Amino acid sequence: MTIYNFCAGPAMLPIEVMQQAQAELVNWQNTGSSVMEISHRSKEFIKVYEDSIAALRALLSIPDNYSVLYMQGGGRGQFSAVPLNLRNENSADYFNTGSWSTSAVSEAKQFTSVTEHTITNQLDGKTAVMPMADWSVAAESAYVHYCPNETIEGIEIFETPKNIARPLQVPIIADMSSTILSRQIDIKDYDLIYAGAQKNIGPSGLAIVIIKNDLLARSKSTIPSLLNYQLTQQKQSMFNTPPTFAIYLAGKVFNWLLDQGGIAEIEKKNIVKAKKLYETIDNSDLYHNSIHPTNRSRMNVTFTLRNSELTERFVQQAELEGLKALKGHRSVGGIRASIYNAMPIEGVDALVSFMKNFERQGA
Ligand SMILES: *Cc1c(COP(=O)(O)O)cnc(C)c1O
16 MTIYNFCAGP
26 AMLPIEVMQQ
36 AQAELVNWQN
46 TGSSVMEISH
56 RSKEFIKVYE
66 DSIAALRALL
76 SIPDNYSVLY
86 MQGGGRGQFS
96 AVPLNLRNEN
106 SADYFNTGSW
116 STSAVSEAKQ
126 FTSVTEHTIT
136 NQLDGKTAVM
146 PMADWSVAAE
156 SAYVHYCPNE
166 TIEGIEIFET
176 PKNIARPLQV
186 PIIADMSSTI
196 LSRQIDIKDY
206 DLIYAGAQKN
216 IGPSGLAIVI
226 IKNDLLARSK
236 STIPSLLNYQ
246 LTQQKQSMFN
256 TPPTFAIYLA
266 GKVFNWLLDQ
276 GGIAEIEKKN
286 IVKAKKLYET
296 IDNSDLYHNS
306 IHPTNRSRMN
316 VTFTLRNSEL
326 TERFVQQAEL
336 EGLKALKGHR
346 SVGGIRASIY
356 NAMPIEGVDA
366 LVSFMKNFER
376 QGA
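Take any residue in the sequence shown, note its place counting from 1, add 15, and you have its number in my numbering.
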C-alpha cells in the first residue's frame with residue numbers, strides 16, 4: 016500500500032530527494048564520509064552551501080540587494096529575531112489572521128512595542144481577510160509583520176503586500192513558513208521573508224531568511240549573536256556550526272524544484288491539487304470548510320465533519336488506507352490535509368476518493 020503523509024510539519028519531502036540522500040548517506044561524493052561528518056569550512060561543504068543559495072536565488076529570482084541567511088531555531092526563532100533586530104523607538108504593526116500571527120505578536124511584545132490589528136472578518140458566513148488597501152499602518156511604524164499562510168486555520172493571503180497602504184519606508188516582514196516556494200512571489204514586494212524549513216524546504220530546526228540589505232544596519236550588537244541578521248550575513252551563516260545536513264537537504268529540495276520547472280510549474284500543480292479537495296468539500300453534505308474562497312489555503316486544506324466522533328472515525332479509517340496525519344491541529348480540531356510541494360497529485364486523488372467513499376458509506 017502506498018502511504019501518503021498529510022502532516023502539516025515536519026512534512027513529507029520529495030521521494031527523489033530522500034532516495035538521493037539515502038544513496039549517498041555513508042559515502043558522500045566518494046569521500047568515504049557522510050556529508051554530516053565533514054567540516055562546515057571544508058571546500059566540499061562550502062560548495063554545498065553556495066550551490067543551495069544559488070538554487071534558491073534562481074527559484075525566487077532574488078535580487079542582488081537581498082541576502083539569504085540560514086539560521087537556527089525554526090520559524091519561532093524568527094518571532095524573536097525580527098523584533099530584536101528591527102525594533103526602534105516606534106511601535107511595530109502586526110496584522111493578525113490566526114494562530115501563528117498570534118504567537119508572533121506575543122513573542123514580539125517581549126522585546127518591543129506592538130500595535131496589533133485583527134484583519135479577519137465574516138463575509139458570506141465565511142472567514143475572510145480584509146483587503147490590504149484597508150490595513151492601516153502607523154506613519155511612524157517600525158515595521159509591518161503578517162503571515163501570508165496560517166497553517167493551522169488554512170487561511171492564505173494571495174494579495175501582494177504592495178497593496179498595503181503605508182508610508183513608503185516602512186519595511187514589510189512576512190512569515191512564509193508554510194507557503195514559501197509554493198507559488199510565485201515578487202521578492203521586491205517584501206523587505207524580509209522568513210520561513211521555518213519543515214514545510215516546503217527540508218528538515219525542522221533550520222530557518223531561511225531573505226532580507227533586503229539596507230535593513231541589516233538595524234541590527235544592534237547587543238542582541239544574541241545567533242539571532243543577529245547583520246552578523247549572520249557577514250559570517251555567511253557560519254558564525255557557529257550551521258545545521259549542515261539540513262542545508263544539504265534543503266539544497267537538494269531546491270534543485271528538485273528547479274528540475275520540476277521551477278515555481279511557476281509547481282504552482283500550477285498546487286492549484287490543481289487544492290482545487291480537487293475544495294471541490295470535493297463543496298460538493299458534499301458531510302464536509303464543511305469555513306474559509307472564504309478568496310482566502311482558502313493552497314497548502315493546508317481544513318474541514319470539519321458533523322461531530323468529533325465522526326471526525327475520529329474519518330481519521331482512523333483514512334490511516335488504514337495509508338492516508339496519514341489528517342487530524343486537524345489540537346487547538347482547532349477537525350481535519351487538515353497539508354498538501355505541500357512534495358505531495359504528489361496521486362496522494363490528493365487517493366484522499367478525494369477516500370472522502371467520497373466515506374460519505375457514500377452513509378457516515
Ligand atoms: C510551522 C510554523 C511556524 C513555527 O515553526 P517552528 O519551526 O516550529 O518554530 C511559524 N509560522 C508558521 C506560519 C508556521 O507554519
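Glycine residues also receive a C-beta, built at the ideal position from the N, C-alpha and C atoms. Just so we're clear, the structure is a prediction, and the values are computed from it rather than from any experiment.
Note to self: For H160, tell me which candidate among Q137, E168, G169, T133 has the shortest Cα-Cα distance.
What the structure shows: On the sequence shown, position 145 is the one that residue 160 refers to. Checked all of Q137, E168, G169, T133; the closest Cα to H160 is T133.
Within the stretch 32-90, ranges of the beta strand (DSSP E) (whole runs, at least 3 residues): 81-87
Answer yes or no: the CB of S192 versus the heavy atoms of ligand 1, is any distance below 7 Å?
For the purposes of this step, residue 192 is taken as residue 177 along the sequence shown, with counting starting at 1. Within the cutoff, so yes.
For N164, count the other beta carbons within 10 Å of its own beta carbon; 16 or more makes it buried, fewer makes it exposed. Which is it? Position 149 of the sequence shown, counting from 1, holds the residue named residue 164. With 16 or more other Cβ atoms within 10 Å, it is buried.
For G89, is the beta carbon positioned less than 7 Å from some heavy atom of ligand 1?
Here residue 89 refers to the residue found at position 74 of the sequence shown. Yes, the beta carbon of G89 sits closer than 7 Å to at least one heavy atom of ligand 1.
- When T194, P308, T127 are compared against V144, the one with the closest alpha-carbon: The residue you call residue 144 lines up with position 129 of the sequence shown. With distances taken between Cα atoms, V144 lies closest to P308.
Review point. Skipping 5 residues on each side, what residues in its chain have a beta carbon closer than 6 Å to that of I350?
Key: Numbered from its first residue, the sequence shown carries residue 350 at position 335. Hits under 6 Å: F318, L341, G343.
Considering just the uninterrupted stretch of the beta strand (DSSP E) at D190, what are its terminal residues?
Translated into the one-based positions of the sequence shown, residue 190 becomes position 175. Boundaries of the beta strand (DSSP E) harbouring D190: 187-190, taken from the DSSP string.
Determine which residues share a DSSP beta bridge with N178 and list them. As a working mapping, residue 178 is identified with position 163 in the sequence shown. For N178, DSSP records no beta bridge to any residue.
* Of the residues D229, T295, N372, V330, the one placed nearest N100, counting alpha carbons only -> Looking up residue 100 in the sequence shown gives position 85. Among D229, T295, N372, V330, the Cα nearest to that of N100 belongs to D229.
So does T166 have its beta carbon nearer than 7 Å to some heavy atom of ligand 1? The count along the sequence shown starts at 1 and reaches residue 166 at position 151. Answer for T166: yes, Cβ within range of ligand 1.
*asked:* Considering only their Cβ atoms, is the gap separating E168 from V347 smaller than 8 Å?
replied: Here residue 347 is taken as the residue at index 332 of the sequence shown, counted from 1. Here residue 168 is taken as the residue at index 153 of the sequence shown, counted from 1. Cβ atoms of V347 and E168: closer than 8 Å.
Fill in: Cβ pair K214, G24 closer than 8 Å
For the purposes of this step, residue 214 is identified with residue 199 of the sequence shown, where counting begins at 1. For the purposes of this step, residue 24 is identified with residue 9 of the sequence shown, where counting begins at 1. Yes, the Cβ-Cβ distance between K214 and G24 is below 8 Å.
Determine, using beta carbons only, whether I262 and L272 come nearer to each other than 8 Å.
-> Residue mapping note: residue 262 aligns to position 247 of the sequence shown, counting from 1. Residue mapping note: residue 272 aligns to position 257 of the sequence shown, counting from 1. No, these two residues do not count as a Cβ contact at 8 Å.
Item to check | Residue range of the alpha helix (DSSP H) that includes L273 | outcome: Numbered from its first residue, the sequence shown carries residue 273 at position 258. Per DSSP, L273 belongs to the alpha helix (DSSP H) from 259-274.
### Message
Any heavy atom of ligand 1 inside 7 Å of the beta-carbon of S219?
### Response
Position 204 of the sequence shown, counted from the first residue, corresponds to residue 219. Under cutoff, so the answer is yes.
Report the residue from V120, I278, S240 whose alpha carbon sits nearest the alpha carbon of D201. Stepping through the sequence shown from its first residue, residue 201 is reached at position 186. For the residues V120, I278, S240, the minimum Cα distance to D201 belongs to I278.
- Name the two residues that bound the continuous beta strand (DSSP E) containing I354. Taking the first residue of the sequence shown as position 1, residue 354 is located at position 339. Note, I354: premise wrong, no beta strand (DSSP E); not H, not E.
* What is the DSSP secondary structure of I296, counted as helix, strand or coil? -> Residue mapping note: residue 296 aligns to position 281 of the sequence shown, counting from 1. Correct three-state label for I296: helix.
| query | Should C162 be counted as a contact of ligand 1 given a C-beta to heavy atom distance under 7 Å? | reply | The sequence position of residue 162 within the sequence shown is 147, counting from 1. Checking every heavy atom of ligand 1 against the Cβ of C162, one is found closer than 7 Å.
| Does at least one heavy atom of ligand 2 sit under 7 Å from the Cβ of Q125? | Of the ligands one can find in the structure shown, namely ligand 1, none is ligand 2.
- Task: Look at the Cβ atom of F211, then the Cβ atom of G90, and state whether they are nearer than 8 Å.
- Result: Position 196 of the sequence shown holds residue 211. Position 75 of the sequence shown holds residue 90. Correcting the residue type first, residue 211 is Gly in the shown sequence and not Phe. Contact flag set, yes.
By Cβ distance, which residues of its chain are closer than 7 Å to R72, with the 5 residues on each side in sequence left out? Translated into the one-based positions of the sequence shown, residue 72 becomes position 57. For R72, where only same-chain residues beyond five positions count, the Cβ hits under 7 Å are V83.
Q: Compute every distance between the C-beta of W43 and the non-hydrogen atoms of ligand 1, then say whether any falls below 7 Å.
A: Start at 1 with the first residue of the sequence shown, and residue 43 comes out as number 28. Every heavy atom of ligand 1 is 7 Å or more from the Cβ of W43, so no.
Problem - L241 and F254 closer than 8 Å at C-beta - result: Here residue 241 corresponds to residue number 226 of the sequence shown, with the count starting at 1. Here residue 254 corresponds to residue number 239 of the sequence shown, with the count starting at 1. The answer is yes: Cβ separation under 8 Å.
**Item:** DSSP-derived helix/strand/coil call for L301
**Value:** Taking the first residue of the sequence shown as 1, we reach residue 301 at position 286. Reduced to three states, the DSSP call for L301 is coil.
Check the C-beta distance from G362 over to Y19 and give it rounded, since I have them as a contact under 8 Å. On the sequence shown, position 347 is the one that residue 362 refers to. On the sequence shown, position 4 is the one that residue 19 refers to. G362 to Y19, Cβ: 4 Å. Contact.
C-alpha gap between R181 and E174, whole angstroms
Here residue 181 corresponds to residue number 166 of the sequence shown, with the count starting at 1. Here residue 174 corresponds to residue number 159 of the sequence shown, with the count starting at 1. Roughly 15 Å between the two C-alpha positions.
So within the stretch 304-371, which uninterrupted alpha helix (DSSP H) runs reach at least 4 residues, ignoring any that extend past its ends? 323-335
**Asked** Name the DSSP bridge partner or partners of T130?
**Response** For the purposes of this step, residue 130 is taken as residue 115 along the sequence shown, with counting starting at 1. For T130, which the question treats as bridged, DSSP gives the partners D108.
Considering only C-alpha positions, which residue in the set P78, V97, I172 is nearest to P186? Numbered from 1 along the sequence shown, position 171 holds the residue referred to as residue 186. Taking only the C-alpha atoms, the option nearest P186 is V97.
| request: Taking only heavy atoms of ligand 1 into account, decide whether any of them is closer than 7 Å to the Cβ of G169. | output: Translated into the one-based positions of the sequence shown, residue 169 becomes position 154. No - ligand 1 has no heavy atom lying nearer than 7 Å to the Cβ of G169.
- Three-state secondary structure assigned by DSSP to I202: For the purposes of this step, residue 202 is taken as the residue at position 187 of the sequence shown. In the structure shown, I202 adopts helical secondary structure according to DSSP, grouped into three states.
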